[in-house]
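A quick write-up on the structure given underneath.
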Amino acid sequence: MKKIIKIGLVLSLGLGLGMSTNVMENMLNQQTPMTVEAKSKDSLADAINSDLEDDQLGNTKWSWNDEDEAWEATLDPNSDLYQDMDDGNVALWNSYVRNIKEESQVLAKNHMKKQSYFQLLDPNDDSKTYLQVYKGKVKYNIGENLGN
15 MKKIIKIGLV LSLGLGLGMS TNVMENMLNQ QTPMTVEAKS KDSLADAINS
65 DLEDDQLGNT KWSWNDEDEA WEATLDPNSD LYQDMDDGNV ALWNSYVRNI
115 KEESQVLAKN HMKKQSYFQL LDPNDDSKTY LQVYKGKVKY NIGENLGN
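Here the numbering used here = 1-based position in the sequence shown + 14.
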């Protein structure tokens, strides 16, 4: 799974920036540090949304927030994931948290630590956070407050 995410990130970044296949191959082999320029954040966002896409998430989409220096998404209140959480079921939530942790970890390991911060926001109040992940580690998880 991690290799697939890494390949997707490199291809999206590389193609978005017009990189040669040799440069992209070096990035996959971690011989060249990966950095994200402003013009490639859209490509990286596309890759992240593709990697984290799931029908049970509804319209939840990730985008870069320059002010918070984080990938942010607001959980779709009409999604199956939100409804399950509202009912106290966290199995689907825990699966999504694992996926976000993996995505964050891949970014951190590929010399993109600054881009490995993810925040998932409350759909009813965007000042409240449901999940924070940095460098593949969970900093806050509302699911820990919900019972099964």
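The beta-carbon is built from N, C-alpha and C at its ideal position, and this holds for glycine as well. Just so you know, these numbers come straight off a predicted model, no measurement behind them.
Would you kindly check if the distance between the Cβ of residue j and the Cβ of residue i is under 9 Å?
i: L134; j: E83; result: no
i: S93; j: L66; result: no
i: T74; j: D136; result: no
i: L95; j: W76; result: no
i: K153; j: S130; result: no
i: A59; j: W78; result: yes
If we ignore side chains and look at the alpha-carbon of each, how far apart do residue i and residue j end up?
i: V120; j: K55; result: 16 Å
i: V104; j: K123; result: 28 Å
i: K115; j: F132; result: 9 Å
i: D163; j: D98; result: This structure leaves residue 163 out entirely; the chain is present only between 15 and 162.
i: L160; j: T143; result: 14 Å
i: K151; j: E117; result: 11 Å
i: D140; j: S57; result: 25 Å
i: D69; j: K128; result: 28 Å
Give every residue of the same chain whose Cβ lies closer than 8 Å to the Cβ of residue i, excluding the five residues on either side of it in the sequence, and list them in chain order.
i: T49; result: Because the pLDDT at T49 is just 43, under 50, the model does not fix this residue reliably, and the point stays unresolved.
i: N138; result: P91
i: N63; result: K75 and W76
Near residue i, which residues of its chain fall below 7 Å by C-beta distance, leaving aside the five closest residues on each side in sequence?
i: N113; result: L66
Closest to residue i by CA distance: which of the options is it?
i: N155; options: D101, Y110 and D140; result: Y110
i: G157; options: W78, D101 and D69; result: D101
For residue i, I'd like the list of residues in its chain whose CB is within less than 6 Å of its CB, leaving aside the five on either flank, ordered along the chain.
i: Q146; result: Q133, K153 and Y154
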